[in-house]
Amino acid sequence: MKLSKLFTKTIKNPPADETAKNAKLLIQAGYIHKEMAGVYAYLPLGLRVVEKIKNIVREEMNAIDGQELIMTNLQPKDLWETTSRWDDEVVDVWFKTKLKDDSEVGLAWSHEEPIMRMAEKYISSYKDLPASVYQFQTKLRNELRAKSGIMRGREFLMKDMYSMHASAEDLDEYYEKVKVAYQKIYQRLGIGDDTYVTFASGGAFTKFSHEFQTICEAGEDVLYVNREQNIAVNEEVLEEAIKEFGIKRDQLEKVKSAEVGNIFNFGADKSETMDISFTDQDGSSKPIHLASYGIGITRVMGVLAEKLADEKGIVWPENVAPYRVVICALGDEPEVTKQADELYDKLVSSKVEVLYDDRDLRPGQKFSDADLLGIPYRLVVSKKNLDSGKIEIKKRTETEPKILDIDDILEVLVA
RNA sequence: CGGGGUGUGGCGCAGUUGGCUAGCGCGCCGCGUUUGGGACGCGGAGGUCGAAGGUUCAAGUCCUUUCACCCCGACCA
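Quick note: the first sequence uses our numbering, first residue 2, plus one each step.
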C-alpha cells in the first residue's frame, strides 16, 4: 500500500474530545473514527488489525474443534422471555426496537439464549455432544456511559464461543482446554506475560467465573496478583477467594487491569430454564451443560494500543500490526525513488505486508508517522545509502538502525 | 442516572467589562525553492461561533431551553 493512496491520514494534534490514550492514538494515526460516544468505525488500517486479531483467535478456536458460525443481531422478544431476561429491570443494556408490525425485537447484547435455541434444534442425542461453536459478532450494549475509547463502547466486536456437553465432567475438561487456548491467544497477541486467569464473580449461575485480565493502567478492574505463583484475584471477590482457596493476602500485589476475556460455566441451569434437553445413552432425558467463552476483539485492540505505546505512538506486536514494514523514501531524487519503488515491488512480490511512504514530505514527518502508526519495521531509502546498494532497517522498538543488503532484509521480513 | 467540565473552518486553539469586515497555528489548493526527525516564500479556498428562543441600537460574548462530547461516581454475562 502506498501511503499517498491511503484513504486516511495522520493528524498532528490528537483529538480534544478523547482522553483515553488508545482512542487518541488510534484516531490520530487513522485507525478508527469516532461516530459518537462509544461508537467507532474501523478504517482500512484499523480493520487490518482487527482481522489479524480475529485470525489468531480463529486459529486457536478451530484448534480445539470450535466451529465458526454467525448469529443474528436482531433477536426476538419471546426467546429472551424464556429466561426472563427481556425485562429492562433485569438486563439494563438492551437496545430495543420494533418491526413494522409493531412486534418488539432486541439488538444483540449477548447470544446465549439464541445459541440454546439452536441447540434445541440440532442437539437431540448424546451422540451430538459435545459441540462447540463460535462467532465474531458485533455486540450492542446501551451503556449508560461509554468510556475509555474502544475499551468500553456501545458497539463492539466480540468473539463468543459456546460449548455444549452431556455431563459436567465433560464440560470441565473442555473448559480447561479453552483456558489453555486463551493463554496461547494472549501470548500470540504479545500480552501473554501480563495476562492472568483470575477468579471473578460468577453472576447468577456460578460462584466464580474466570476472567482473563491484562495488567494495564487504563483498565477498569483492580487485581491482586502473585506473579511467581501465577495467581490473580479480582478485587470484587478478594475476600471470598482468600477464604475459599487459602490465599495469603500479603503475598498479593495490587495492580490495575483490563478484562480481555471472560469464560463462564453455566452448568445445566440454562438448559433447564429453557427446557432444552437431549436423550442420553440410557434413554433418559437430560439437560445440556453449557459454557460460554468471550474475547472482546476490539477491546483487546484498545488494550494493545494503550499498553504497548510509547511517547512517539503506537507499538504494535508483529502479529497484529496492519503492515509488517514501512518504507520511507527520503527526497525526490530519481535514483532514490527508483530504488524505493524496486524495494517496494520486491517486498510485495515476496508477500511481505508493506506500506510505502511515497509522499512528498520531509524526513521528519515520515519518521514521525512511521512511529505513530506503530509499524514494526522501518526501511529508509535515501541518497545517503544509495551508492552502497544497502538499505537501512530499524525496528520500532529499537533506536539504532542497521544497514543491510536487500537479501538480508528480505530474510528478516519474510520470516 | 447523580456530580463536574467543554462546544468558535477538517484538527488544535485565541477572542478583554457585549461594539465595527470573527482571528492564529496545523492541514487543504496553486506556483517556486527545499529534503536524515513535523522547512520556507508568494498567492488562494474554507466558519450562519453546537442548536432554538430571548434581552439589546448592537450578541461568539448576557439570559432561558436544548443537543453533543469528556471526566468522576453508580452500572458492567
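We put the CB at the ideal spot given by N, CA and C, even for glycine.
Nearest-angstrom Cβ-Cβ length linking residue i and residue j, presumed shorter than 8 Å
| i | j | result |
| --- | --- | --- |
| Ile-374 | Ile-394 | A small fix is needed here, since residue 374 is Leu in this sequence, not Ile. Leu-374 to Ile-394, Cβ: 16 Å. No contact. |
| Glu-121 | Thr-84 | Incorrect: roughly 13 Å between the Cβ atoms, too far for contact. |
| Arg-325 | Val-355 | 7 Å |
| Ile-151 | Asn-23 | 6 Å |
| Leu-387 | Glu-336 | 6 Å |
| Ala-259 | Val-304 | 5 Å |
| Met-162 | Val-134 | 7 Å |
| Val-261 | Arg-155 | That belief does not hold up - the Cβ atoms of Val-261 and Arg-155 are roughly 19 Å apart, past 8 Å. |
| Gln-136 | Ala-109 | At roughly 10 Å, the Cβ-Cβ gap does not stay under 8 Å, so Gln-136 and Ala-109 are not in contact. |
| Leu-239 | Ala-233 | So it is not a contact: roughly 11 Å between Cβ atoms. |
| Val-321 | Leu-190 | 6 Å |
Residues that residue i bridges to, as DSSP identifies them
| i | result |
| --- | --- |
| Asp-361 | Its beta-bridge partners do not exist; DSSP assigns none. |
| Glu-121 | BP columns for Glu-121 are empty, so no partner. |
| Gly-297 | Met-159 |
| Phe-279 | Lys-287 |
| Asp-311 | Gly-314 |
| Tyr-378 | Val-326, Lys-396 |
| Leu-405 | Ile-392 |
| Met-418 | Because the chain spans 2 through 416 in this model, residue 418 falls outside it and cannot be assessed. |
| Gly-268 | Leu-291 |
| Ala-259 | Thr-215 |
| Glu-254 | Val-226 |
| Arg-153 | Lys-148 |
| Lys-10 | Looking at the DSSP assignment, Lys-10 forms no beta bridge with any residue, so it has no partner. |
| Lys-3 | Tyr-357 |
Residue i burial status per 10 Å Cβ neighbour count (16 or more: buried)
| i | result |
| --- | --- |
| Lys-6 | exposed |
| Leu-73 | A quick correction: the sequence has Thr, not Leu, at residue 73. Thr-73 is exposed by the Cβ-count criterion. |
| Asn-56 | exposed |
| Phe-279 | buried |
| Glu-103 | Reading the sequence as shown, one finds Asp at residue 103 and not Glu. When all chains shown are included, Asp-103 counts as exposed. |
| Tyr-32 | buried |
| Val-51 | buried |
| Ile-289 | buried |
| Val-226 | buried |
| Pro-377 | buried |
| Val-316 | buried |
| Asn-263 | buried |
Residue i versus residue j - alpha carbon distance
| i | j | result |
| --- | --- | --- |
| Glu-82 | Asp-129 | 27 Å |
| Phe-96 | Arg-142 | 7 Å |
| Thr-215 | Glu-312 | 21 Å |
| Lys-160 | Glu-334 | 49 Å |
| Leu-48 | Arg-300 | 13 Å |
| Ala-64 | Pro-45 | 29 Å |
| Asn-231 | Leu-348 | 42 Å |
| Ala-169 | Ala-292 | 10 Å |
| Glu-69 | Lys-308 | 30 Å |
| Asp-66 | Pro-131 | 10 Å |
| Lys-244 | Thr-199 | 15 Å |
| Val-1 | Glu-412 | The displayed coordinates of the chain run from 2 to 416. Any statement about residue 1 would go beyond what the structure contains. |
| Glu-19 | Asp-251 | 37 Å |
| Tyr-187 | Gly-297 | 12 Å |
| Asp-358 | Met-275 | 57 Å |
| Val-415 | Ile-328 | 15 Å |
| Asp-222 | Lys-257 | 6 Å |
| Glu-174 | Leu-344 | 51 Å |
| Glu-61 | Tyr-183 | 8 Å |
| Asp-370 | Ala-219 | 24 Å |
| Val-450 | Ser-164 | The chain is shown only over 2 to 416; residue 450 falls outside these bounds and no answer can be derived. |
| Met-119 | Leu-75 | 15 Å |
| Ala-21 | Leu-100 | 37 Å |
I'd like the ranges of any alpha helix (DSSP H) spanning at least 4 consecutive residues and lying wholly in the segment 328-361. DSSP runs (the alpha helix (DSSP H)) wholly in the segment 328-361: 335-350.
With a floor of 4 residues, list each alpha helix (DSSP H) that falls wholly inside the segment 155-238, ordered by position along the chain. Taking only runs of at least 4 residues, the alpha helix (DSSP H) segments lying wholly in the segment 155-238 are 169-189.
Taking only runs that begin and end inside the segment 93-147, name each unbroken beta strand (DSSP E) of 3 or more residues, in chain order. Listed in chain order, the complete beta strand (DSSP E) runs (minimum 3 residues) inside the segment 93-147 are 96-99, 105-108, 132-141.
Ordered list of beta strand (DSSP E) runs contained in the segment 41-83, each at least 3 residues: Entirely contained in the segment 41-83, the beta strand (DSSP E) runs reaching 3 residues are, in chain order, 75-77.
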